[in-house]
Each structure stands twice: as C-alpha cells, then as structure tokens.
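> Protein chains in written order, with this note's numbering: chain A, 1 to 298; chain B, 1 to 298.
C-beta: ideal position from N, C-alpha, C; glycine also.
Here's a structure for you.
Protein chains: 2
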Amino acid sequence: MDQALISQVRGFNRIVTQRVGALNDRFLARDRSLGEARLLWEIGAEGRDVRYLRALLELDSGYLSRLLRSLEAAGLVTVGPKQSDKRVRIARLTPSGSAERAVLDERSDELAASLLAPLNAGQRARLVAAMAEVERLLTAAMVEVAPIDPGHPDAQHCLHAYFSELDRRFDAGFDPALSIPADLEELRPPAGLFLVASLRADPIGCGGLKFRGKEPAEIKRMWVAESARGLGVGRRLLSELEDCAAEYGARAVRLETNRALAEAISLYRSAGYIEVAPFNDEPYAHHWFEKQITSAPT
Amino acid sequence: MDQALISQVRGFNRIVTQRVGALNDRFLARDRSLGEARLLWEIGAEGRDVRYLRALLELDSGYLSRLLRSLEAAGLVTVGPKQSDKRVRIARLTPSGSAERAVLDERSDELAASLLAPLNAGQRARLVAAMAEVERLLTAAMVEVAPIDPGHPDAQHCLHAYFSELDRRFDAGFDPALSIPADLEELRPPAGLFLVASLRADPIGCGGLKFRGKEPAEIKRMWVAESARGLGVGRRLLSELEDCAAEYGARAVRLETNRALAEAISLYRSAGYIEVAPFNDEPYAHHWFEKQITSAPT
DNA sequence: TCGAATCTCTGACTATAGTCAGAAAATGGA
DNA sequence: TCCATTTTCTGACTATAGTCAGAGATTCGA
Numbered sequence: 001m002d003q004a005l006i007s008q009v010r011g012f013n014r015i016v017t018q019r020v021g022a023l024n025d026r027f028l029a030r031d032r033s034l035g036e037a038r039l040l041w042e043i044g045a046e047g048r049d050v051r052y053l054r055a056l057l058e059l060d061s062g063y064l065s066r067l068l069r070s071l072e073a074a075g076l077v078t079v080g081p082k083q084s085d086k087r088v089r090i091a092r093l094t095p096s097g098s099a100e101r102a103v104l105d106e107r108s109d110e111l112a113a114s115l116l117a118p119l120n121a122g123q124r125a126r127l128v129a130a131m132a133e134v135e136r137l138l139t140a141a142m143v144e145v146a147p148i149d150p151g152h153p154d155a156q157h158c159l160h161a162y163f164s165e166l167d168r169r170f171d172a173g174f175d176p177a178l179s180i181p182a183d184l185e186e187l188r189p190p191a192g193l194f195l196v197a198s199l200r201a202d203p204i205g206c207g208g209l210k211f212r213g214k215e216p217a218e219i220k221r222m223w224v225a226e227s228a229r230g231l232g233v234g235r236r237l238l239s240e241l242e243d244c245a246a247e248y249g250a251r252a253v254r255l256e257t258n259r260a261l262a263e264a265i266s267l268y269r270s271a272g273y274i275e276v277a278p279f280n281d282e283p284y285a286h287h288w289f290e291k292q293i294t295s296a297p298t
Numbered sequence: 001m002d003q004a005l006i007s008q009v010r011g012f013n014r015i016v017t018q019r020v021g022a023l024n025d026r027f028l029a030r031d032r033s034l035g036e037a038r039l040l041w042e043i044g045a046e047g048r049d050v051r052y053l054r055a056l057l058e059l060d061s062g063y064l065s066r067l068l069r070s071l072e073a074a075g076l077v078t079v080g081p082k083q084s085d086k087r088v089r090i091a092r093l094t095p096s097g098s099a100e101r102a103v104l105d106e107r108s109d110e111l112a113a114s115l116l117a118p119l120n121a122g123q124r125a126r127l128v129a130a131m132a133e134v135e136r137l138l139t140a141a142m143v144e145v146a147p148i149d150p151g152h153p154d155a156q157h158c159l160h161a162y163f164s165e166l167d168r169r170f171d172a173g174f175d176p177a178l179s180i181p182a183d184l185e186e187l188r189p190p191a192g193l194f195l196v197a198s199l200r201a202d203p204i205g206c207g208g209l210k211f212r213g214k215e216p217a218e219i220k221r222m223w224v225a226e227s228a229r230g231l232g233v234g235r236r237l238l239s240e241l242e243d244c245a246a247e248y249g250a251r252a253v254r255l256e257t258n259r260a261l262a263e264a265i266s267l268y269r270s271a272g273y274i275e276v277a278p279f280n281d282e283p284y285a286h287h288w289f290e291k292q293i294t295s296a297p298t
C-alpha cells in the first residue's frame, strides 16, 4: 500500500487519539469507571439484551455480569428475564440510571463543543464536513462480511427485512408464495451459500448464492439495510459473492430483479453485469443480468 | 453552538475512539504493557530527560520510575544522570530498545494499513483527504495564544526566527540596526504587549503591540513558523492583537510591511486593513496599513 | 422426552495502571 | 554555609479490567 497514504493515516491517528480519544474517555467516566459508563450508555433508554451488550462491547460474559451487578447495586439498572426466552436477560435503566446517562450525554456535547470552540465559523464548517466523511468511510471499513447459516437469527433478520422491503416497494406488493422459492437448504453448503454483512453487532445486509453445477451460479436475496446505504456494502457483498462463486467453480453468475429496485439495477450495471434474456419465469422480475467471472487471485 | 455541528462531531468521536483509539492501543502494546510501549516510543532515538517524559505522558513520578526500572531490567533502556544537573536523569534506548521501537513503528504502519484495507481505491483516497483536513483543523484548534514577556525564551525564539526570515526574504537582506527598533521594554506592559502562539510545547508564532496613547496602536513582529502555516494562526494572532488594542482603548491599529511578504499583505487586506499613506519612515517598508477597530463584545 | 446448545452467573485468579507518603541526592539562593 | 526546592526513587497500597472454568436454568431439535 502507498506509503504516503499510510503516513497521512498515522498522522491522523496520532492527533485524534491525543485530542479526541483520551478526552473522550475522561469525559465519559464521571465518578464511575469507564467500563460502567460505557455500559450505562449502551443500555440506552429502551433497555438491551445482555447478550447483545456482550457482543456490542466485546466483553467477557463474566466481566459483563459483574459490571451489571455493580450498576444494579448502585440503583442505576435493573436486570430481568426476557419474556420470549427466559435464558436471556434484559438490562434496563432505572430513573436514576437515565439521569446519569443524561449527564453523560451532556458531557459528550461539551467535549464536542470544546473541539470546535477555538475555530472560526468557516473552519468549523470544514472540520465538520471532513469529520462526516471520515466517519462514513471508517464505518464502511468496519463492516464485516461473513458466510453464515441462513437459519441463523441474523440471517433470518435480514431475510425478513428483505421481504418486507420488497412488499413495500413493489407496485403490487410481494408474496413469497408466488415467487420462485429459495429454501434455506438451497442457500446452505454444499447447495449454496449465504453471506451476512454486519456492523458492530447488527446485521445490515445479506446475499445468497445457489450453485447450479456447470450453469452460472444464481445470486439471491441481495439486501442492504436503509441505515447502511451509501457505505458501499452492496458492492462489497456482490463482489464477495462473485469470489465465492468463482471459488466454487462457476464461470458466471446471474440474477433477476424488479424494476422498482433502481439503485440495485444501477449497482449491477456498474459492477459489470450485462442484461440478458430471461433465464427463469420469476413473476416479480423485469430484468435478468449475467456476469462472466474469472477466479483472479486477490 | 449549532446542535447539528455538535452531533456530527459526536458521531465522529464515537467511531474514531472505537476504530482508531482502541486499536491504536492494542497495536502499540506488543508483549509489553501499553504504558511501557508508550514510554519506549517517547524516549525516542535521542533519549529524553525523565522529567520531560513525566510531563509529556502526565505520569506519576513513582509510576514512571517503576516503568523505567522494568524497561531497564528487560535491557531496553539505560537511565543515567544528566551532566549539567545531576538530579535529572536521562533515559536512552539500548540497541535492543531501538529494535523494539522499530517494531512499534512497523505496527503503527500496519494499523494504518488495516484501516484502509477494506476500502477500494476511490474510498481510500477520499478517506485520506478527509483525514488530512481533520488533522489540520484539529491541530489548528490545539494552538494556544497567550501574552508572554518578550524576554521569555519562547518569545526570543520567535523573534530570532522572525529576523532571520526577513533577512532571507528581503531583496537586500535585513539589518535590525537600520530598521525602526522595538525594544523589549516597548513590547511589555504598560507600553505594549507581546503574544506567542504555541502548539503543544513549541512556540510557532508571535505578534507585538506598541501602544501610542490617542494614536492608533502599532502592530510589530508578526510571524508564523513555516511548519504552522495554513492553520489560520496569523489570522488568529492578528485578531487577538486587535482585541487587546481595543481593550487598551485604541480605536485603530496600524502596521507597515515589506512587499516581499505577499501572504502577510493579503492577510491584512482580507482582515479589513486599508492601505494608507506612510505614517513613519521605516526604510524596509513598502506598504502601510490601518484598520479601525471597535471593542465589540466577544 | 432426552440431550445438546445457549445464556447468564459465580468464584478464583491475574495483569495493568495507578496513588500516596516519604527518603535520598543534588542544586540554588540568601 | 544552610535551608528550601527539585528530582528521582522505593514501599505500600488501591482500582480497573480483565480471563477462565464450571454450574444452573432454559430452550430447541430429533
């Protein structure tokens, strides 16, 4: 990788860990420890599953449990069982926990204001614009794409979101019973494959492959959460699906799509997909695309 | 301050402490602890006074001493007395300490590369450009401007740098003996004032005022270090000098300058200075400027 | 309905990062 | 010379941030 890019990133890292990172921790930790403050923050107004918190903060389950006991003893949170699954426990803020969190919120505002304070209006506007760009691109870089069983809760979450979006966007709604099905079995090795893109603990996109022997592999269920659009997640999923298909031995991939999905269609075109004659009788499809792939070394 | 700006800064802080801050620490700490790694890094190739390290890293003296003992025991540093003051001790890297530091350097490169790795070429270029902007503006926000005695070492450093730059840039060089003098006494309250801009511990710019009773106050010795140009330090010094003059009761400020100092001249013009007839016989001056000031509340 | 898996918790442990008081050596100014 | 100050060091302490093994409750799938 280009050394000039690396040097610039290092310069940025130095300034930012000094000027933002160190301060951030000190601002967030009030009387309580940083770990407790972070936890209090992440529990949020709605409450959160303990297991979700564990994934989000990447904490050891024993350690997290102890932190929760300590916040509970301080009267800031209550932890109770989840109705739908009594193994899972939910942490919620008490009124005084919410008050404490509001203080953290205020401190965070103060820190942000202190970063902007020495600058004039023009500089502030430029700094904020550049920060937005850095945030967006670093977020994009944090997205992880991994193969997962299509029956896994994260995969199911994506599939439900996908179907409900289709139902919302298609002119006449969407009924999976009328569409060509893709059973979980078909999206599971060795018949197929399912990729999920996640940001921190949240699934934000998916895409499946059905292998067809000598025929081109079929791409199914491509979806990106609204909250994650503009990060290049779709393009990344598509390219990883192509790599997987190539690895499996396919020499082309193909897919069909509906005219309502304009941004998807333009993604396919810009990724080198060529419109072809219908290769199936999917009733919801208006466009069929195909792309030749070569298993180039990464 | 605008809440939209604050929110954006907060979003940035969140991502950056997570993605850069936390990783930075983990990358820096190899087998040794983060404290030791940071210390090893800051001792640097040249060696450093222990008391300087204490100020830089803001460590307790007992804690720092223990860290140094531990690095010494590992054969990475030696600590010896300073010749000029035997109370002070100097820490230096041994060859194997230098080798270890080189590894840290490499890790820092790797971290930078890992931030860029998931992105495509276009995204990388945009991220690095935005990072450069953020770095520049956060650096600008770290600059502190304060009044200081013109005899203080930092002030003297600036004045020497100023004169040597004039000598370099003026067509016929610069000899202070031929110019209208500004004795230290004239730049010291109550006759005048001297401001120094600093970035972390280093002086990077200065500017003086001579008060003239009812007459406009005179701005003298405006200088910004080459390394700090483009941060808006000149504009900030100028505006703080104007504020000081207004506070003292002046209703205008004026200054003279040489045609070789093109960027200074354009700064004066854009800050609202109007070219006027010569008000003194400074032999090195080609332009004389004046600005009416109003003591507006900040 | 049984066994495997999931989720949370407790107990026992370790490493890191500090804080504080006070002692010893060297320096600087009256 | 004497005494206050600076600088560093040691000993004794605490808090934070974990890690790991295993137990108990619950759920899920065959």
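For the beta strand (DSSP E) containing residue 202 of chain A, list its first residue and its last residue.
Start and end: 202 to 212.
> What residue range is occupied by the uninterrupted beta strand (DSSP E) comprising residue 78 of chain B?
77 to 81 is the extent of the beta strand (DSSP E) around residue 78 of chain B.
> Residues in its own chain within less than 7 Å of residue 111 of chain A by CB, not counting five upstream and five downstream?
Excluding residues within five positions, the ones whose Cβ falls inside 7 Å are 23, 24 and 27.
> Looking at the secondary structure, which residues open and close the beta strand (DSSP E) in which residue 292 of chain A lies?
Counting along the chain, the beta strand (DSSP E) containing residue 292 of chain A begins and ends at 287 to 292.
> Let's test the definition: count the other Cβ atoms within 10 Å of the Cβ of residue 255 of chain B and tell me whether it reaches 16, buried, or not, exposed.
Residue 255 of chain B should be labelled buried.
> For chain A, check one thing: does any of its Cβ atoms lie closer than 8 Å to the Cβ of residue 132 of chain B?
Closer than 8 Å to some Cβ of chain A, the Cβ of residue 132 of chain B qualifies, so yes.
> Just to confirm before moving on: does the CB-CB distance between residue 258 of chain A and residue 163 of chain A stay below 8 Å?
Not in contact: residue 258 of chain A and residue 163 of chain A (Cβ atoms no closer than 8 Å).
> Using a C-beta cutoff of 8 Å, does residue 6 of chain B count as contacting chain A?
It does; some Cβ of chain A falls within 8 Å.
> What ranges does the alpha helix (DSSP H) occupy inside the region 25 to 98 of chain A, keeping only unbroken runs of at least 4 residues that lie completely in it?
The region 25 to 98 of chain A contains these whole alpha helix (DSSP H) runs: 34 to 43, 50 to 57 and 61 to 73.
> Relative to the C-alpha of residue 59 of chain B, which candidate in B/238, B/4, B/38 and B/47 has its C-alpha closest?
If we check each option's Cα against that of residue 59 of chain B, B/38 comes out closest.
> Step through the CB atoms of chain A and report whether any lies within less than 8 Å of the CB of residue 234 of chain B.
So no, residue 234 of chain B is outside the interface.
> Starting from residue 192 of chain B, trace the beta strand (DSSP E) in both directions and tell me its first and last residue.
It spans 192 to 199 - the beta strand (DSSP E) in which residue 192 of chain B sits, taken as one unbroken run.
> For residue 11 of chain B, which residues in chain A fall below 7 Å Cβ to Cβ?
Those within 7 Å of residue 11 of chain B in chain A are 135.
> Could I get the ranges of all uninterrupted alpha helix (DSSP H) runs contained in the region 226 to 285 of chain A, with 4 residues as the minimum, in chain order?
The region 226 to 285 of chain A contains these whole alpha helix (DSSP H) runs: 233 to 248 and 262 to 270.
> Tell me whether residue 1 of chain A sits in a helix, a strand or coil according to DSSP, three-state version.
Three-state result, residue 1 of chain A: coil.
> If you run the structure through DSSP and keep just helix, strand and coil, what is residue 189 of chain A?
Coil, per DSSP.
> Taking only the alpha-carbon atoms, compute the straight-line gap between residue 51 of chain B and residue 266 of chain B and give it to the nearest angstrom.
Those two C-alpha atoms are separated by around 43 Å.
> Reducing DSSP to helix, strand and coil, say where residue 155 of chain A ends up.
Helix at residue 155 of chain A.
> Measure the alpha-carbon distance for residue 220 of chain B versus residue 226 of chain A and round it to whole angstroms.
Their backbone Cα atoms lie some 58 Å apart in a straight line.
> Starting from residue 126 of chain B, find everything on chain A with Cβ-Cβ shorter than 8 Å and list it in chain order.
Those are 133 and 137, listed as they occur along chain A.
> Which residues of chain B have a Cβ atom closer than 9 Å to the Cβ of residue 30 of chain A, listed in chain order?
Here the premise fails: no neighbours, minimum Cβ distance about 17 Å.
> Going straight from the alpha carbon of residue 132 of chain B to that of residue 113 of chain B, what length do you get?
Distance between the alpha carbons of residue 132 of chain B and residue 113 of chain B: 16 Å.
> Are at least three pairs of beta-carbons, each pair with one atom in the region 236 to 251 of chain A and one in the region 192 to 199 of chain A, less than 8 Å apart?
Touching, yes.
> Per DSSP, residue 147 of chain A forms a beta bridge with which residues?
A/195.
> In angstroms with no decimal places, state the Cα-to-Cα distance between residue 298 of chain A and residue 238 of chain A.
Note on residue 298 of chain A: pLDDT 49, under 50, position unreliable in the model; the coordinate value appears next. Looking at the two C-alpha atoms, the distance is approximately 15 Å.
> Closer than 8 Å, CB to CB, is residue 109 of chain A near chain B or not?
Residue 109 of chain A counts as touching chain B.
> Can you find the residues in the same chain that come closer than 8 Å, C-beta to C-beta, to residue 276 of chain B, ignoring five residues on each side of it along the sequence?
Contacts found: 254, 288, 289 and 290.
> Which first and last residues belong to the alpha helix (DSSP H) in which residue 128 of chain B is found?
Start and end: 121 to 142.
> For residue 149 of chain B, tell me which candidate among B/206, B/64 and B/30 has the shortest Cα-Cα distance.
Residue 149 of chain B has its Cα closest to that of B/206, out of B/206, B/64 and B/30.
> So if DSSP puts residue 218 of chain B in a beta bridge, which residue, or which two residues, is it bridged to?
B/210 and B/254.
> Between residue 292 of chain A and chain B, is there a C-beta pair that is closer than 8 Å?
With 8 Å as the cut-off, residue 292 of chain A does not count as an interface residue toward chain B.
> Thinking C-alpha only, which one of B/15, B/282 and B/44 is nearest residue 179 of chain B?
Taking only the C-alpha atoms, the option nearest residue 179 of chain B is B/282.
> If you draw a straight line from the C-alpha of residue 30 of chain A to the C-alpha of residue 108 of chain A, how long is it?
Computed Cα separation, rounded: 11 Å.
> If you drop the 5 nearest sequence neighbours on each side, which residues of the same chain put their C-beta closer than 6 Å to that of residue 284 of chain B?
Same-chain partners within the cutoff: 179 and 258.
> Using a Cβ-Cβ cutoff of less than 6 Å, which residues in the same chain neighbour residue 66 of chain A once the five nearest sequence positions on both sides are dropped?
There are no such residues.
> Cβ closer than 8 Å: which chain B residues qualify as neighbours of residue 300 of chain A?
Since the first residue shown for chain A is 1 and the last is 298, residue 300 of chain A is missing from the structure and cannot be characterised.
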